[in-house]
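Enquirer: Numbering (the UniProt record's numbering), first residue to last: 1 to 441. Every residue gets a Cβ at the ideal spot worked out from N, C-alpha and C, and that includes glycine. Got a structure for you, written out below as structure tokens; questions coming shortly.
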Amino acid sequence: MTATEAGSSGFAVIDLGAGWREPDQHLDEPRQWRTRSFALAVAVALTAALGGAVANRPGVTEFARVTLDTDVHDGRYSIVGDVVLVPDRGNLSAYELRDGSRRWRVPAVGLVSPPFVTPTAEADVVVLEQAEADAGVQTRVVDLADGATLWRSSVAVASVDDVAVEYAVMPNPEEIAGGAPLPPADLRVFDLRSGQVRWRLRGDAVAVDLAARTGWAISATGAVTGYDLRDGQVRRTGVLRLPEGRVYAATAADGVLALGIAQGDSRVEEHFETATFEAIDQSSPLWARTDCGPSWCALAAKPGGEEADPVVVDRADGRVRYRLPANSHGTPSAAGLLVFTSDLDQSARSGLAVLQDPVTGRVLHDLAGWTRPDLQPYPPIFLTREVGPAGAGRLQIARLTPDGLRPLTELPFRVRGCAFAEHALVCLHDGNQLTFWRLRG
């Protein structure tokens, strides 16, 4: 199952980070969380802009091209708001998505993850992680308008709306097994533009649900409080019925509060509904679930401890609506439920199988051969597939719409990857060419 990152505004926040981990990772990572590498050392020169040589094809219009000094193989670039961010030999450049002109260029040595931005226009910043020789990994917040550094911190943060939250530190196994009292959690919540601390999330254990804009504080006795992540105001209070043992960690996502509990030399994981604070039985498909539009995508346990089946579950009553193919997961889209099949050697976007009605499970479209590009808004709105000889084919692009899959164009050359916005894309091709296209339709 995919992990969902917020992106309702259409900003292409490209999978949110290489080497970047979700702050609400489950305790032993039972969910599938995506990470990405970020290494792009290039020098950039703008060679064509609007009004220059233009290549038109059905569905797209080329309007700019950037020539990179180096043949880039594994690099990443990002569409963030109305700019394309490209790291180049110790610098970070921002190019206007409307015409390909360079907005700014700033030193950015040691980038360890792709730049990303809060998925709203409130803060209008880029959050960078940089490895510095004498200080380790540093967080740097840059103004998207002019590249100016707004503030720095020695802690890693995750951002949503106009705040940034520092990551919780997991106790090491020796501390957990030793039985000694664990230090209480104390997370700072920063104003994303100023870097000032707005409030602090404190508890014996704490969890942050970015999508729900909620911070959770849990006491050793099971008292739980939910806070508005943006201003620290109390939203909910209640009590969790905890088993024997002591809480050492917590995470929250998709309406589930997951607690790590140490019981002597063993550790167990307990799940609770954030809506009711009721415990979720481990045999329930609601134990491990992710957003699938009108339903949950989940895993239904089998008798005897066999590997669980992926299923689609009704949000209202928790009943299984239908089953998905083995080793598959679903992702919601405007056209329906995208169902992927994958194995441990494939990325989450590989092996796209079918488009299904999210309510009934009826197959709407066979999508064999199509993949879901990482570098696009979420929920996904584009699919791509390669046609022609393996390793030398061309890229077809289609848009996901409420009426189904609508083909847009076929690019005239072999591309190594594209980043998408709602009405534009940027593709890397021919070794060192970064071409800007305007999408029609």
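Does the region 196–204 touch the region 216–227, meaning 3 or more C-beta pairs lie closer than 8 Å?
Expert: With the cut-off at 8 Å, the region 216–227 and the region 196–204 touch.
Enquirer: So for V178, helix, strand or coil by DSSP?
Expert: The sequence given here places Gly at residue 178; Val does not occur at that position. Correct three-state label for G178: helix.
Enquirer: In three-state terms, what does DSSP make of H26?
Expert: The predicted position of H26 is uncertain, since its pLDDT is 30 and thus under 50; a value taken from the coordinates is nonetheless stated next. In the structure shown, H26 sits in coil (DSSP, three-state: anything other than H, G, I, E or B).
Enquirer: Exposed or buried, S194, counting other C-beta atoms within 10 Å across all chains shown (16 or more means buried)?
Expert: Burial call: exposed.
Enquirer: Compare the Cα-Cα distances from A123 to each of R416, V141, V109 and report the closest residue.
Expert: Comparing Cα-Cα distances from A123 to each of R416, V141, V109, the minimum goes to V141.
Enquirer: On a Cα-Cα basis, can you pick out the residue from G255, G232, Q233, V268 that is closest to L242?
Expert: Considering only alpha carbons, the answer is V268.
Enquirer: In terms of residue numbering, what span does the beta strand (DSSP E) encompassing V208 cover?
Expert: Element bounds for V208: 205–209.
Enquirer: Given Y322, which residues of its chain have a CB within under 6 Å of its CB, disregarding the five upstream and five downstream residues?
Expert: Around Y322: V312, G361.
Enquirer: Could you tell me whether any non-hydrogen atom of the ligand MN is closer than 7 Å to the CB of T237?
Expert: In the structure shown, the ligand MN is absent, as is every other ligand, since no ligand is present at all.
Enquirer: I need the straight-line Cα distance from P87 to A64, nearest angstrom please.
Expert: Going from the Cα of P87 to the Cα of A64 covers about 18 Å.
Enquirer: Using the Cα positions of A148 and Y95, report the straight-line distance between them to the nearest angstrom.
Expert: Cα to Cα, A148 sits roughly 15 Å from Y95.
Enquirer: Under a three-way DSSP split, which group does P243 fall into?
Expert: Three-state DSSP puts P243 in coil, outside helix and strand.
Enquirer: Classify F413 as buried or exposed, calling it buried when 16 or more other Cβ atoms lie within 10 Å of its own Cβ.
Expert: It is exposed - the Cβ of F413 has fewer than 16 other Cβ atoms within 10 Å.
Enquirer: Mind pulling the alpha helix (DSSP H) runs of 4 or more residues that sit fully within the region 359–418?
Expert: You should have found no qualifying run.
Enquirer: Can you say whether E278 is buried or exposed, counting buried as having 16 or more other CB atoms within 10 angstroms of its CB?
Expert: Flag for E278 reads exposed.
Enquirer: Could you compute how far the alpha carbon of E422 sits from the alpha carbon of P377?
Expert: Taking the straight line from one Cα to the other gives about 8 Å.
Enquirer: Do G260 and Y248 have their C-beta atoms closer together than 8 Å?
Expert: In this structure, Y248 lies closer than 8 Å to G260 by Cβ.
Enquirer: Terminal residues of the continuous beta strand (DSSP E) containing L337?
Expert: Its beta strand (DSSP E) spans residues 336–341.
Enquirer: Run through the region 103–174 for me and flag every whole beta strand (DSSP E) of 3 or more residues, listed as ranges in chain order.
Expert: Within the region 103–174, the complete beta strand (DSSP E) runs of at least 3 residues are 125–132, 136–143, 149–153, 157–160, 163–166.
Enquirer: Suppose the cutoff is 7 Å on Cβ atoms and the five residues either side in sequence are ignored; what does the same chain contact list for C292 look like?
Expert: So the list reads V312, G330, P332, L337, P358, once near-sequence residues are dropped.
Enquirer: Less than 8 Å between the C-beta atoms of A275 and G255, yes or no?
Expert: Closer than 8 Å, so yes.
Enquirer: Measure the beta-carbon distance from D309 to A252 and round it to whole angstroms, keeping in mind my assumption that it falls under 8 Å.
Expert: No, D309 and A252 are not in contact; Cβ-Cβ is about 25 Å, not under 8 Å.
Enquirer: Who pairs with G215 in a beta bridge, going by DSSP?
Expert: Its beta-bridge partners are V208, Y227.
Enquirer: Per DSSP, what kind of secondary structure is Y248 in: helix, strand or coil?
Expert: Strand at Y248.
Enquirer: Below 7 Å CB to CB, which residues in the same chain sit around H429 once its five sequence neighbours on both sides are set aside?
Expert: Only F413, R414, V415, R416, T435 meet the Cβ criterion.
Enquirer: With DSSP collapsed to three states, give me the class of P183.
Expert: Of the three classes helix, strand and coil, the one that applies to P183 here is coil, per DSSP.
Enquirer: Taking all protein chains shown into account, decide if R399 is buried (16 or more other Cβ within 10 angstroms of its Cβ) or exposed.
Expert: Per the 10 Å Cβ criterion, buried.
Enquirer: Y77 lies in the beta strand (DSSP E); which residues open and close that run?
Expert: From DSSP, Y77 is part of no beta strand (DSSP E); its letter is neither H nor E.
Enquirer: According to DSSP, which residues form a beta bridge with T91?
Expert: Note that residue 91 corresponds to Asn in the displayed sequence, not to Thr. Looking at the DSSP assignment, N91 forms a beta bridge with D88, P107.
Enquirer: Where do the ends of the beta strand (DSSP E) carrying R98 lie?
Expert: Per DSSP, R98 belongs to no beta strand (DSSP E) and is neither H nor E.
Enquirer: What does DSSP give as the partner residue(s) for P310 in the beta ladder?
Expert: According to DSSP, which records beta bridges pairwise, P310 is partnered with L299.
Enquirer: Once the 5 residues before and after D82 are set aside, which same chain residues still bring their CB inside 8 Å of it?
Expert: E96, L97, R98, listed in sequence order.
Enquirer: Buried or exposed: where does A368 fall if 16 or more other Cβ atoms within 10 Å of its Cβ makes it buried?
Expert: Result: exposed.
Enquirer: P332 bridges to which residues according to DSSP?
Expert: P332 pairs with L337.
Enquirer: Return the CA-CA distance between L182 and G215, expressed in angstroms with no decimal places.
Expert: Their backbone Cα atoms lie some 20 Å apart in a straight line.
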